[in-house]
Amino acid sequence: MSEIYEYKIHDFLRKSGGSASKEEIYRAFGGSTEAKRMIDEKLRMMERFGLIIIEKEEVRLK
């Protein structure tokens, strides 16, 4: 599994029209349990920094 970086998640959201479901993000970066955990951590951090908005299962760029 390749490393999951914030900028890769941001690029994925930008290329998918500015929003995506968490499931779409999980599929794009690998569906393993460890990958999901890392993605969730990155998403929470990005939300704290004001880069994204998380509404239930939908993730949007700010």
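Using the numbering used here, read the sequence shown as starting at 396 and increasing by one per residue.
A virtual CB, placed ideally from N, CA and C, is assigned to each residue, including glycine.
Query, Result
"Return the Cβ separation of VAL454 and ALA415 in integer angstroms, given the expectation that the two are a contact with Cβ distance under 8 Å.", "6 Å"
"Taking the straight line between their C-alpha atoms, what separation do you get for ARG439 and ARG422?", "18 Å"
"Between ILE434 and LYS451, is the Cβ-Cβ spacing less than 9 Å?", "no"
"What first and last residue would you give for the alpha helix (DSSP H) that runs through LEU456?", "Unbroken run through LEU456 is the beta strand (DSSP E), 453–456; no alpha helix (DSSP H)."
"If you compare alpha carbons, which of SER427, ARG432, ILE404, ILE399 is closest to ILE448?", "ILE404"
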